[in-house]
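Under this note's numbering, the residue at position 169 of the sequence shown is numbered 169, and the numbers go up by one with no gaps.
Quick reminder that beta carbons are idealized off the backbone N, C-alpha and C, glycines included.
Please read these numbers as outputs of a predicted model, since none were measured by experiment.
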Amino acid sequence: MKGVILAGGLATRLYPLTYATNKHLLPVYDKPMIFYPIQTLVNAGIKDVLIITSGPHAGHFIGVLKNGKELGLNHLEYAYQENPKGGIADALALAEDFADGEPLAVILGDNTTDEDISAAVSSFNEGAMIFCIKLKAQSALEYRALTPTMPQKLRRSLKSPKTLHLILLLPGSIFTMIRCLTLFANASPQSAAN
């Protein structure tokens, strides 16, 4: 199985931080955000990874990740998504040559999960598997901000999460399915009726 990390998008909610670099390269605790999904894949035994990105800072990934060896990867490739508004299916279509008929583990680049997916990866042989972690809406979430003197509790309302933590295990035939769905979606209502 090969891994695909989707690290594109516009990251407008993080502007002006994303003026300087891609959001997936911003630090989360002690390392760039992109290190977390890479580690999830490596821990599951996936050592061949494609990172799909977009925007003006795409080249920064090479500067940070290089060839991926320092992170435990055997092979690291990059693909550029011309239209970051194209979404997940558009980005995933760029992985067809990389997949070369093998199943894929697809993870969003801003997923900082520590879930162990190795059992699912090793037992996967057909169909598709979706791991989805949705935060429960609560009146307040607790965060800790570290200061030089002591931690402080901060509270912030969260009405509804904007994103999901998402990991997909997909068969090598997914690209045929994407093409069929794209053709069907682009067909005119009149031609679909005939």
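Can you give me the Cβ contacts of residue i inside the same chain, cut-off strictly under 8 angstroms, excluding the 5 residues immediately before and after it?
i	result
P32	H24, L25, L26 and V64
V121	M1, A44, G45, I46, A105 and L169
H60	T21, N22 and L25
Over the uninterrupted beta strand (DSSP E) stretch that includes residue i, give me the two end residues.
i	result
D97	No beta strand (DSSP E) holds D97; the alpha helix (DSSP H) holding it covers E96 to A99.
L108	L104 to L108
Where DSSP assigns a beta bridge to residue i, which residues make up the other side?
i	result
M129	L169
Y78	I51
A7	T53
V121	Beta-bridge pairing links V121 to no other residue.
Check this for me: beta carbons of residue i and residue j, under 8 angstroms apart or not?
i	j	result
P84	L170	no
L108	L6	yes
F131	E115	yes
I52	G8	yes
First and last residue of the alpha helix (DSSP H) that includes residue i?
i	result
D114	Careful: D114 lies outside any alpha helix (DSSP H) and carries neither H nor E.
I62	H60 to L65
D90	G87 to A93
Excluding five sequence neighbours on each side, which residues of the same chain lie with their C-beta closer than 7 angstroms to the C-beta of residue i?
i	result
N74	K47 and D48
Taking just the CA atoms, how far does residue j sit from residue i?
i	j	result
I167	M129	8 angstroms
T176	Y80	21 angstroms
V54	D110	Note on residue identity: the sequence assigns Ser, not Val, to residue 54. Roughly 14 angstroms between the two C-alpha positions.
G101	V42	20 angstroms
S173	E126	10 angstroms
Here's a check: name, in chain order, each residue in its chain whose Cβ is nearer than 6 angstroms to the Cβ of residue i, leaving out the five neighbours to either side.
i	result
A95	V4 and L50
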